[in-house]
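See below for the structure under consideration.
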Amino acid sequence: MKKLIALLMALCMVFALTACGSTTEDTSETADDGTAAETEEDAEETAETEEADTAEAEDADVADEASDSEEETEDVSSDAEVTLNVFIAASLNNAFEELKANYEAEHPNVTITLNAASSGTLLTQIQEGYDCDIFFSASTKEIDQLEEEGRIVDGTRTDLLKNEVVVITWQGSGTTVTGLDNLSDASSIALADGSVPVGRYTRTALQATGVLDSDLTAADITTAEVSEALGGVEINECANVSAVLQAVAEGSNEVGTVYYSDAYSEIDRIEILEHVSTDLTGDIIYPVAQIVPLDESAVSEEQTAAAEEFLAYIQSDEAMEVFTTYMFLDNR
Numbered sequence: 015m016k017k018l019i020a021l022l023m024a025l026c027m028v029f030a031l032t033a034c035g036s037t038t039e040d041t042s043e044t045a046d047d048g049t050a051a052e053t054e055e056d057a058e059e060t061a062e063t064e065e066a067d068t069a070e071a072e073d074a075d076v077a078d079e080a081s082d083s084e085e086e087t088e089d090v091s092s093d094a095e096v097t098l099n100v101f102i103a104a105s106l107n108n109a110f111e112e113l114k115a116n117y118e119a120e121h122p123n124v125t126i127t128l129n130a131a132s133s134g135t136l137l138t139q140i141q142e143g144y145d146c147d148i149f150f151s152a153s154t155k156e157i158d159q160l161e162e163e164g165r166i167v168d169g170t171r172t173d174l175l176k177n178e179v180v181v182i183t184w185q186g187s188g189t190t191v192t193g194l195d196n197l198s199d200a201s202s203i204a205l206a207d208g209s210v211p212v213g214r215y216t217r218t219a220l221q222a223t224g225v226l227d228s229d230l231t232a233a234d235i236t237t238a239e240v241s242e243a244l245g246g247v248e249i250n251e252c253a254n255v256s257a258v259l260q261a262v263a264e265g266s267n268e269v270g271t272v273y274y275s276d277a278y279s280e281i282d283r284i285e286i287l288e289h290v291s292t293d294l295t296g297d298i299i300y301p302v303a304q305i306v307p308l309d310e311s312a313v314s315e316e317q318t319a320a321a322e323e324f325l326a327y328i329q330s331d332e333a334m335e336v337f338t339t340y341m342f343l344d345n346r
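Heads up, the sequence shown is in my numbering, so the first residue is 15 and it goes up one at a time.
This is the structure:
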């Protein structure tokens, strides 16, 4: 009997141990499955996070590169060395020497090269292909012609200044000439030729007073014809207004006709005999414009931009103060 009881107890223990082992294995498997699932999800989330971080980093790098590129472009544009060829009527030379110095001081990367001559000469040079970024004429005729030829940059023309013709003599000359009305009383006259605006304006005034034939084109009236109309007076034909001014100031010629702005620049050496009315000469307008080069591919973007900026500068109030100092009138 005791043996039977012991055997039954042993069997019960075996069954109990078997049940416990089965439960442990199931629990372990369940735990392993859960951990594996969680690990896969964590891996996917980590991968997605890394991809997002990488994309953000790449976008940031691209943005930085673009920003650096823009900054580099701006630096190149602002620091690029540029030379501007500015063609100006001779009467503008004194004012432009001051404007040039002022502008270059504020824009050290820009060099202004001035070409001062008669407006007719400058027109011919531009037509022949001389490098010119800006043209400032002493009359509208030359700019009008370039516009007709398509050589003016659209929207850049401005009739900026006005002037007037004056009859002058040198200080202490003792001349009896008082103006155009008795110009023939002079022993000699300095006069620009008809292709030069001041010479053309003088001829127009002499037509208005009846000295010259009003049916003729003023620019085509020769110096010899003017001399004959004035009774054979000796006339020194000059290439531009500056040459007229110097011929009178140094006493080589008794009288001459120049612009008021020119006369004022030598007021210590010359005397103004008459301010010729614009009713006789017509309005004396100084237009300025940016020029279209014959070979546009030869002009850099930096040079074009610099020309635009300088053209804006010479139309500013600051520049106008300089012009009025030299007795030009504001026509804006």
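The beta-carbon is built from N, C-alpha and C at its ideal position, and this holds for glycine as well.
Residue pairing of Cys146 in beta bridges, as defined by DSSP: absent, with no partner found. The beta carbons of Val191 and Val290 sit no closer together than 8 Å.
Rounded to whole angstroms, Asp158 and Thr135 show a C-alpha spacing of 15 Å. When Asn254, Ala257, Ala261, Ile203 are compared, the shortest CA-CA separation from Leu244 is found for Ile203. If you look at Ser202, you'll find it isn't in any alpha helix (DSSP H); it sits in the beta strand (DSSP E) that goes 202-206. Unbroken beta strand (DSSP E) stretches of 3 residues or longer found wholly inside the region 266-329: 269-273, 284-289, 298-304, given in chain order. In this structure Ala115 is not in contact with Ser132, their Cβ atoms being roughly 24 Å apart against a cut-off of 8 Å.
The straight-line gap separating the alpha-carbon atoms of Pro122 and Leu174 is approximately 26 Å. Measuring C-alpha to C-alpha distances from Thr154 to each of Ser275, Asn107, Val100, Val210 identifies Val210 as the nearest. Rounded to whole angstroms, the gap between the alpha carbons of Leu325 and Glu156 is 18 Å.
CA-to-CA, the gap between Glu332 and Leu98 works out to about 20 Å.
Residue environment: Gln185 is assigned as exposed (fewer than 16 neighbouring CB atoms within 10 Å of its CB, all protein chains considered). For the pair Leu160 and Gly188, the Cα-to-Cα distance works out to about 44 Å. DSSP places Val247 in no alpha helix (DSSP H); its state is neither H nor E.
In this structure Ala321 does not touch Ile102 by the C-beta definition: roughly 14 Å separates them, more than the 8 Å allowed. Your pair Val269 and Thr183 checks out as a contact, with CB atoms roughly 5 Å apart and the cut at 8 Å.
Below 8 Å, enough C-beta pairs join the region 160-169 and the region 298-316 to call them touching: three or more. With fewer than 16 other beta carbons inside 10 angstroms of its own, Thr231 counts as exposed. The DSSP-derived three-state label of Ala152 is coil.
Taking the Cα positions, Asn267 is about 42 Å away from Val96. Nearest Cα to Gln304 within the set Gly296, Val313, Ile298, Asp297: Val313.
Per DSSP, the continuous beta strand (DSSP E) segment holding Leu98 begins and ends at 96-103.
Assignment of Ala253 by DSSP, reduced to helix, strand and coil, places it in the coil class. When the five nearest sequence neighbours on each side are left out, the beta carbons in the same chain lying within less than 6 Å of the beta carbon of Met341 are those of Tyr274, Ser275, Tyr278, in order along the chain. Close CB contacts of Thr216 within its chain, under the 7 Å cut and outside five residues either way in sequence, are with Val179, Leu205, Thr271 (chain order).
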